[in-house]
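Read the structure below first, then the notes.
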Amino acid sequence: MTSVLEVRELRVRFPGRAAPAWPVDGVDFTLERGEMLALVGESGSGKSLTSLALLRLVPAPGTITSDSSIRLGEIDVMSLDGDALRRIRGRRIGLVMQDALGSLNPVLTIGDQLCETIRTHFPLSRSAARARAEALLAEVALPDPARRLTSYPHQLSGGQRQRVLLALALAGEPEVLIADEPTSSLDVTVQAQILALIDHLRASRGMAVLLITHDLAIVAGRADRVAVMYAGRIVETGATRTVFATPGHPYTRGLLDSLPRLRGPVRLVEPIGGSVPSPDDWPAGCRFHPRCPRRMPACTSQPPVVPVAPGHTMRCWLPRTAP
Amino acid sequence: MSGWLLRRSLQAVLTYFVAVSLIFFLMRLVPGDPLARLSDDRPMPPEAIAALRARYGLDQPATRQFLVFVTQLMRGDLGRSIERGGLPVTALVTERLPATLLLGGSALLLNLTLGLWLGAWQATHRGTRGERAVGAISLALYAMPSFWLGLVLAWAFGIKLRWLPVAFMTSPWLRPGASFAARAMDVLPHLVLPVLTLTLVTLGATARYQRGALTEALALVTVRAARSRGLSESVIRWRYAWRAAVGPMLALFGLWLPMLVAGSVFVETIFVWPGLGSLAADAIASRDYPVIMGTTLLVSAAVVGGNLLADVLHRWLDPRLRDA
Amino acid sequence: MNELGRRLWADPAGRAGTVILLLLILAVIALPPMLPDHRVQPDIVRGAQPPSAHHLLGTDNLNRDVFARVVRGGQISLLVAAGAVLMSVTLGTLVGLVAGYAGGWVDGVLMRLVDATLAVPRLFLLLLLVAALEHIPLGILILSIGATGWLGTSRLVRAEVLRLKALDFTRGAVALGARPSRVIFTHLLPNVTGPLAVATTLAVGDVILLEAGLSFLGLGVQPPTPSWGGMILDAKPYIVSAPWSSLAPGAAIVLTVLAVNLVGDALSHAQAEGG
């Protein structure tokens with residue numbers, strides 16, 4: 006496989022009153038062509054900001070540090086600006102943001118918004134763009150697409166809006182789709198439909214998908230690989246199957262233990278105590294150690310990246326010191 | 047839409063009626079007699095005063111006066127001036143209206159274009175030195191009394207530099223039968239200082255509100271989402287941010303009119319501009335009640351109408367309201 | 085409130101406004117006894133004198149010291165503003181609380197009245213109130229300005245009350261059988277103080293401008309009591325020969341209103357930050 010997106014040492018800095026904050030602090034991952042990678046973490050772990058950083062959309066006064074590297078195929082995203090950057094956004098990487106209602110312009114019809122995005126990226130006539138928009142709505146399985154073109158966002162249901170957002174993200178025919186919590190505000194049944202749709206689009210378009218979620222449960226059986234993020238860093242990466250079967254990092258174990266299980270012996274759901282620390286005051290060493298049930302003296306210094314299994318790594322001191 | 051428009055219009059009419067009643071009863075409630083001043087200056091026999099009172103209906107009970115007042119108002123009759131030789135107020139007001147519309151309209155146009163542009167510029171250049179300077183200047187303009195600024199401008203540009211005329215709407219040497227072009231060329235320099243004053247004192251508010259509304263709109267998720275699709279900054283600014291900021295700006299329409307009207311009272315006085323504002327100021331000086339009341343009624347009608355217009359526009363621009 | 089004060093001080097503009105305002109208040113309280121009495125024999129013959137070591141800002145057409153009159157005028161202006169704003173904020177808060185809390189027809193009638201009154205620009209409302217008076221005592225002036233300034237406040241407080249009423253803690257208190265007065269004064273009022281502080285501060289600036297305008301029209305502070313607006317009215321005919329006598333009071337107005345608005349802006353930013 007070839008990688009479409011390669012992220013190395015991604016850091017986002019926010020100036021602070023006393024010290025700067027680093028909500029994204031050295032993220033590395035690779036997205037292969039046609040695969041679905043799930044970026045999983047609690048809120049505050051920096052995963053949404055990571056997705057914005059990939060499109061260089063970090064809100065001011067935040068900045069991406071200059072030693073960060075984002076490579077999109079042959080393109081060095083960090084070196085782009087102005088129009089070159091605009092030709093990446095939507096055209097090469099499509100983004101579905103968390104807030105479905107907020108992401109749509111309330112005063113423009115669905116058709117207008119689709120057409121303006123299509124015509125931004127492709128030299129199409131108004132009517133051709135209109136036809137393309139209708140086809141996109143059909144592709145995301147929105148019922149009655151022709152009529153929906155003239156609807157306003159507030160006239161749609163939550164699930165329908167999510168489909169429209171997917172259509173908008175696909176309008177530039179991107180090779181990477183980032184979906185940030187695409188289902189968090191939806192009913193469980195609609196959630197499953199949207200996830201199935203994303204999976205279907207990935208397969209039919211051969212598109213790579215970065216699925217960002219706090220919910221490990223929706224990752225199983227969908228994502229090829231999973232990257233677990235904690236306090237601005239990725240603490241464990243591997244094939245979904247192996248990470249679920251043999252989680253290495255105590256944080257991943259904690260996340261998995263907090264899931265209710267349908268099979269196996271009945272046991273109590275165990276949440277992880279405490280919450281994600283603040284990005285202007287990350288703990289020294291392993292950032293999870295204040296909450297970690299297996300902390301030891303070594304944890305106050307930076308843990309190494311160690312292999313757990315082939316293609317499965319984590320950032321933890323455990324293997325080095327375990328007997 | 048039409049049902050809503052009907053309801054909203056009825057509400058405007060009702061609001062105006064309550065405002066009219068308020069104006070009327072305020073005049074009757076306050077101590078003092080409108081005719082007292084008249085008899086002050088010129089000693090009058092009691093019979094003459096009684097005759098005058100009867101002529102202005104002041105001998106009738108308040109409710110009866112109110113009824114007469116409202117019926118006359120509906121016919122467009124605002125009563126008669128006490129000072130200006132008993133001329134009908136409607137005629138006085140109509141005669142002065144064009145000058146005020148010219149002054150107020152020019153100021154409003156300049157205020158909106160300049161103020162909206164300045165506010166938008168500030169919102170897109172936040173944190174720069176220029177933005178801070180513009181912010182400080184608009185705050186200072188906001189703090190300036192119009193009559194003082196007018197006086198200072200008249201002193202600087204009219205008296206010291208002798209660039210522009212500082213009084214009246216036309217030159218005394220303009221022939222009464224002059225052509226429209228000649229008349230316009232004569233009015234224009236007279237218009238500059240009053241319009242400048244009125245624009246400057248109201249500009250701060252517009253720029254500040256626009257900056258606030260647009261800053262808020264630019265921070266919206268909608269704008270970030272639009273950027274993530276690769277849309278150009280000009281599309282984002284006008285179709286996304288500006289459209290989102292229009293609502294809050296329209297809500298201010300009801301604020302601009304009173305501001306302009308109050309401003310024009312002072313500005314017209316300073317520059318001896320023959321409009322409604324100076325008519326009101328003269329009426330105040332001579333306590334010419336019916337004229338004060340007539341201008342107040344007209345101004346209030348403009349405010350109610352302006353608010354109605356703003357609501358209609360807002361609804362037309364925002365599909366969420368159309369469906370509600 | 086303490087936290088709000090700290091944030092106000094942390095903002096450079098807010099700090100500048102606060103310092104200017106405090107200095108102005110100090111000046112109008114402490115300086116008058118040290119200044120020449122403006123009432124002692126106006127001297128029409130000598131007329132206006134330009135600024136000099138003896139008269140810092142010169143003298144006006146009656147040879148009265150402009151600086152002394154600006155300070156005394158400031159005393160009056162700030163007094164009128166404080167009194168009128170205190171009155172309008174109290175009135176507005178009460179009406180807003182009642183309308184928002186009672187809801188129903190009480191709310192409907194009160195707000196329709198507010199709408200209608202807002203249709204008459206405040207300046208004209210004031211003209212109607214005071215134009216009939218032969219002589220306008222300071223007390224009446226304060227009452228009139230105060231009585232015409234509560235409309236905006238009442239809308240603001242009502243909106244806040246409606247928002248708070250829908251929140252759990254208020255509904256909880258009502259469900260537990262708290263008396264309306266208790267709900268209003270212990271649950272609602274303390275939570276509207278923030279927005280109210282901003283509105284009150286900005287209202288002070290508005291009232292200073294309004295009073296100056298009324299005095300300029302001869303319907304505000306009555307001579308010989310000095311007021312900034314009145315001084316500009318007196319000095320207007322002498323703009324050519326003695327520009328300093330109209331520049332000084334105007335500059336005082338701008339400085340004061342600017343300081344007040346700086347504080348108001350900083351307060352509102354501090355609130356947006358702190359939530």
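Chains as they are written, first to last, in our numbering: chain A, 6 to 328; chain B, 47 to 370; chain C, 85 to 359.
Ideal Cβ placement from N, Cα and C applies to all residues, glycine included.
Delimiting residues of the beta strand (DSSP E) encompassing residue i
i: residue 156 of chain A; result: Neither: residue 156 of chain A is in no beta strand (DSSP E) and is coded neither H nor E.
i: residue 218 of chain A; result: 213-218
i: residue 16 of chain A; result: 8-19
i: residue 37 of chain A; result: 26-37
i: residue 172 of chain C; result: From DSSP, residue 172 of chain C is part of no beta strand (DSSP E) but of the alpha helix (DSSP H) over 150-186.
i: residue 320 of chain A; result: 317-320
i: residue 235 of chain A; result: 230-235
Pair within 9 angstroms by beta-carbon distance, residue i and residue j
i: residue 183 of chain A; j: residue 200 of chain A; result: no
i: residue 32 of chain A; j: residue 278 of chain A; result: no
i: residue 290 of chain A; j: residue 306 of chain A; result: yes
i: residue 162 of chain C; j: residue 337 of chain C; result: no
i: residue 102 of chain A; j: residue 170 of chain A; result: yes
i: residue 239 of chain B; j: residue 150 of chain B; result: no
i: residue 119 of chain A; j: residue 59 of chain A; result: no
i: residue 112 of chain A; j: residue 290 of chain B; result: yes
Supposed close pair residue i, residue j - CB separation, criterion 8 angstroms
i: residue 316 of chain C; j: residue 197 of chain B; result: 7 angstroms
i: residue 135 of chain B; j: residue 337 of chain B; result: 6 angstroms
i: residue 64 of chain A; j: residue 109 of chain A; result: Not really, about 19 angstroms apart at Cβ, beyond 8 angstroms.
i: residue 219 of chain A; j: residue 21 of chain A; result: Rounded, the Cβ-Cβ distance is 25 angstroms, inconsistent with contact.
i: residue 142 of chain C; j: residue 112 of chain C; result: That belief does not hold up - the Cβ atoms of residue 142 of chain C and residue 112 of chain C are roughly 20 angstroms apart, past 8 angstroms.
i: residue 123 of chain A; j: residue 208 of chain A; result: Between residue 208 of chain A and residue 123 of chain A the Cβ distance is about 23 angstroms, and since that is not below 8 angstroms, they are no contact.
Contact set for residue i: own chain, Cβ-Cβ below 8 angstroms, skip 5 residues either direction
i: residue 206 of chain B; result: none
i: residue 318 of chain B; result: 213, 214, 324
i: residue 347 of chain C; result: 92, 98, 101, 102, 105, 285
i: residue 108 of chain B; result: 71, 74
i: residue 160 of chain C; result: 222, 305, 309, 310, 311
Beta-carbon proximity list for residue i, same chain, < 7 angstroms, skipping 5 on both sides
i: residue 359 of chain C; result: In this prediction, residue 359 of chain C has a pLDDT of 45, which is less than 50 and means its spatial position is unreliable; what the coordinates show is noted afterwards. Cβ neighbours of residue 359 of chain C beyond the five flanking positions: none.
i: residue 90 of chain A; result: 61
i: residue 139 of chain A; result: 150, 151, 154
i: residue 152 of chain B; result: 237, 241
Beta-carbon contacts of residue i that lie in its chain and below 6 angstroms, excluding the five residues immediately before and after
i: residue 313 of chain A; result: 253, 319
i: residue 310 of chain A; result: 318, 320
i: residue 173 of chain C; result: 237, 284
i: residue 342 of chain B; result: 69
i: residue 312 of chain B; result: 192, 193
i: residue 243 of chain C; result: none
i: residue 332 of chain C; result: 141, 150, 154
i: residue 252 of chain B; result: 157, 161
N- and C-terminal bounds of the alpha helix (DSSP H) containing residue i
i: residue 56 of chain A; result: 52-59
i: residue 205 of chain A; result: 193-210
i: residue 315 of chain C; result: 312-319
i: residue 326 of chain B; result: 322-331
i: residue 334 of chain A; result: Only positions 6 to 328 of chain A appear in the structure, and residue 334 of chain A is not among them; the question remains open.
i: residue 76 of chain A; result: Premise fails: residue 76 of chain A lies in the beta strand (DSSP E), 74-77, not in any alpha helix (DSSP H).
i: residue 146 of chain B; result: 135-170
i: residue 335 of chain B; result: 335-363
i: residue 226 of chain A; result: Residue 226 of chain A -> no alpha helix (DSSP H), and no H or E assigned at all.
Neighbour list for residue i in chain F, Cβ cutoff strictly below 7 angstroms
i: residue 246 of chain B; result: Absent from the structure: chain F. Protein chains present are A, B and C.
Quiz item: Just by C-beta distance, which residues in the region 199-214 of chain B are closer than 8 angstroms to chain C?
Solution: For the region 199-214 of chain B, the set of residues with a beta-carbon nearer than 8 angstroms to any beta-carbon of chain C comprises 200, 201, 205, in chain order.
Self-check item: Near-chain B residues of the region 194-212 of chain C - C-beta to any C-beta below 8 angstroms
Solution: Going along the region 194-212 of chain C in chain order, one finds 196, 197, 199, 200, 201, 202, 203, 204, 205, 206, 207, 208, 209, 211, 212 with a Cβ nearer than 8 angstroms to chain B.
Exercise. Could you run through the region 314-338 of chain C and flag, in chain order, every residue whose CB is less than 9 angstroms away from some CB of chain B?
Key: If the cut-off is 9 angstroms between Cβ atoms, the region 314-338 of chain C has 316, 317, 319, 320, 323, 324, 327, 330, 331, 333, 334, 335, 337, 338 near chain B.
Quiz item: Relative to chain B, which residues along the region 282-299 of chain C have a C-beta separation below 8 angstroms, given in chain order?
Solution: Cβ contacts with chain B: 289, 293, 296, 297.
Quiz item: Relative to chain C, which residues along the region 59-76 of chain B have a C-beta separation below 7 angstroms, given in chain order?
Solution: Residues passing the 7 angstroms Cβ filter: 61, 62, 64, 65, 68, 69, 72, 73, 76.
Practice problem: Output, in sequence order along the chain, the residues in the region 123-148 of chain A whose CB is closer than 7 angstroms to any CB in chain B. | Solution: Contacts with chain B (Cβ-Cβ distance below 7 angstroms) from the region 123-148 of chain A involve 125, 126, listed in chain order.
Quiz item: In the region 305-337 of chain B, which residues sit with their C-beta less than 7 angstroms from some C-beta in chain C, listed in chain order?
Solution: Correct list: 307, 308, 311, 312, 327, 330, 331, 333.
Quiz prompt | Cβ-based contacts, 8 angstroms cut-off: residues of the region 274-304 of chain B near chain A | solution = Within the region 274-304 of chain B, the residues whose Cβ lies closer than 8 angstroms to some Cβ of chain A are 274, 275, 276, 277, 278, 281, 285, 286, 289, 290, listed in chain order.
Quiz prompt | Selection of the region 181-195 of chain B by Cβ proximity to chain C, strictly under 7 angstroms | solution = Result list: 185, 186, 188, 189, 190, 191, 193, 194.
Exercise. Select from the region 339-356 of chain B all residues with a C-beta closer than 7 angstroms to any C-beta belonging to chain C, and list them in chain order.
Key: Only 342, 345, 346, 349, 350 from the region 339-356 of chain B bring a Cβ to less than 7 angstroms from some Cβ of chain C.
Exercise. Taking only beta carbons into account, state which residues of the region 339-350 of chain C come closer than 9 angstroms to chain B, listed in chain order.
Key: From the region 339-350 of chain C, only 339, 340, 341, 342, 343, 344, 345, 346, 349 have a Cβ closer than 9 angstroms to chain B.
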